[in-house]
Amino acid sequence: MSMTEVVEVRFKKVGKRYYFDPKGLKLDAGTDVIVETVRGLELGKVVVSNRLVEENPKFMPLSPVVRVADDQDRLTAEKNREKEKKAFDICCEKIKKHKLDMTLIDVEYTFDNSKVIFCFVAEGRVDFRELVKDLASTFKTRIELRQIGVRDETKLMGGLGMCGRKVCCADFLSEFVPVSVKMAKDQSLSTTPQKISGACGKLICCLNFEQEQYEQAHKKIPPAGYMVETPDGKGVVTECNIFKETVKVRLEDESHTVKSYNYTDVKSLGKSKNRDESEDIPQEMQD
């Protein structure tokens with residue numbers, strides 16, 4: 001495999017990281033740079049300094065780092081932030097004027113002012129053709145209206161999670177991770193929608209954080225809902241503790257006693273035929 005030198009650049013504080021060709025420049029993490037993108041020149045910040053990675057057709061050829069940003073570049077970016085605030089107010093007024101059922105969330109000017117991007121949320125499709133014409137005549141530049149989902153909205157707006165801390169997507173997650181109700185079940189968490197949904201109404205992203213450890217543990221420790229053979233007869237696992245490596249089993253005898261066993265004392269017989277709890281979770285929350 002041939003190797004190529006890259007730097008990783010981010011355009012927003014908690015945004016996705018992209019590979020760029022440093023073009024011979026030695027760039028430390030935290031350095032502001034001007035890079036060439038599909039949207040034109042953009043100001044970004046280096047988050048990972050020069051390193052070698054295997055060439056991959058998915059990101060080749062690499063766009064170049066044009067130069068290290070100077071004070072004038074940073075001043076331009078700051079002026080753009082001020083213009084975005086004014087553009088936000090103007091767009092909100094025009095949405096009301098055109099009586100559109102949509103909520104504006106964010107406005108972004110490209111570094112060279114060649115385009116203004118308006119991000120909004122809406123319940124369904126919105127015919128914003130007249131709004132685009134109105135905005136184009138006002139700002140005298142290219143206009144892009146981008147409809148985003150509720151997870152993207154929460155990432156942009158921020159907020160507090162059920163743990164009392166800033167939501168992960170707005171704090172440190174650069175990309176959304178796939179989550180499912182199965183993860184909650186694997187971790188013996190309640191599958192009540194109110195207890196595993198985040199500020200966006202979707203499943204909480206932190207379900208993914210420890211999932212790999214639980215998956216490894218469940219290769220030897222039967223999870224809740226599995227039939228097992230115990231020294232006292234057959235039963236169904238009601239709870240497992242991967243840290244103590246124990247399981248609680250409801251025996252199938254007349255008493256239906258719940259006993260605790262070390263995982264080495266039970267033998268898995270496969271998943272119980274009980275109804276899948278994920279059926280209780282609204283489909284729109286699982287997507």
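Position 178, counted from 1, in the sequence shown is what the numbering used here calls 178; the numbers after and before it change by one each time, with no gaps.
Even for Gly, the Cβ is constructed at its ideal location relative to N, Cα and C.
What you are looking at is a predicted structure, and each value in this text was computed from that prediction instead of being measured.
K234 to M227 span [Cα, whole Å]: K234 and M227: Cα-Cα distance of roughly 7 Å.
Between which two residues does the beta strand (DSSP E) carrying Y261 extend? Boundaries of the beta strand (DSSP E) around Y261: 258 to 262.
Take the Cβ of E93 as the centre, count every other Cβ of all protein chains shown within 10 Å, and call the residue buried at 16 or more, exposed below. The residue is exposed, with fewer than 16 neighbouring Cβ atoms inside 10 Å.
Cβ-based neighbour list, V7, same chain, cut-off 7 Å, excluding 5 preceding and 5 following: Around V7, the same chain offers F20, P22, L27, V46, V48, S49, N50, V65 as residues with beta carbons nearer than 7 Å, after the five sequence neighbours per side are excluded.
Measure the CB-CB distance between I34 and D73 and report whether it falls below 8 Å. Cβ distance < 8 Å, so I34 and D73 count as in contact.
Thinking K202 and V150 are a contact (beta carbons under 8 Å), I'd like their distance in whole angstroms, please. Under the criterion of beta carbons closer than 8 Å, K202 and V150 qualify as touching, at roughly 7 Å.
Hey, how far is the Cα of V116 from the Cα of A29? CA-to-CA, the gap between V116 and A29 works out to about 28 Å.
Look at the Cβ atom of F292, then the Cβ atom of E42, and state whether they are nearer than 8 Å. A question about residue 292 goes unanswered here, because the residues of the chain that appear run from 1 up to 287.
Three-state secondary structure assigned by DSSP to E277: Reliability fails at E277, whose pLDDT of 47 lies under 50, so the model's placement of it is uncertain and the value that follows must be treated cautiously. Note: E277 maps to helix in three-state DSSP.
Under 8 Å: do the segment 211 to 228 and the segment 241 to 248 share three or more Cβ pairs, one atom per stretch? Inter-segment contact for the segment 211 to 228 and the segment 241 to 248 is present: three or more beta-carbon pairs are separated by less than 8 Å.
Can you tell which of D186, E210, V181 has its C-alpha closest to the C-alpha of I196? Of the listed residues, the one whose Cα sits closest to I196 is V181.
Sorted by chain position, which residues of the same chain lie with C-beta nearer than 7 Å to A69's C-beta, five sequence neighbours on each side aside? Cβ neighbours of A69 within its own chain (closer than 7 Å, five residues either side excluded): D32, V33, I34, L43.
Report the option in L104, K96, K97, K99 whose CA atom is closest to the CA atom of K85. Relative to K85, the option among L104, K96, K97, K99 whose CA is nearest is L104.
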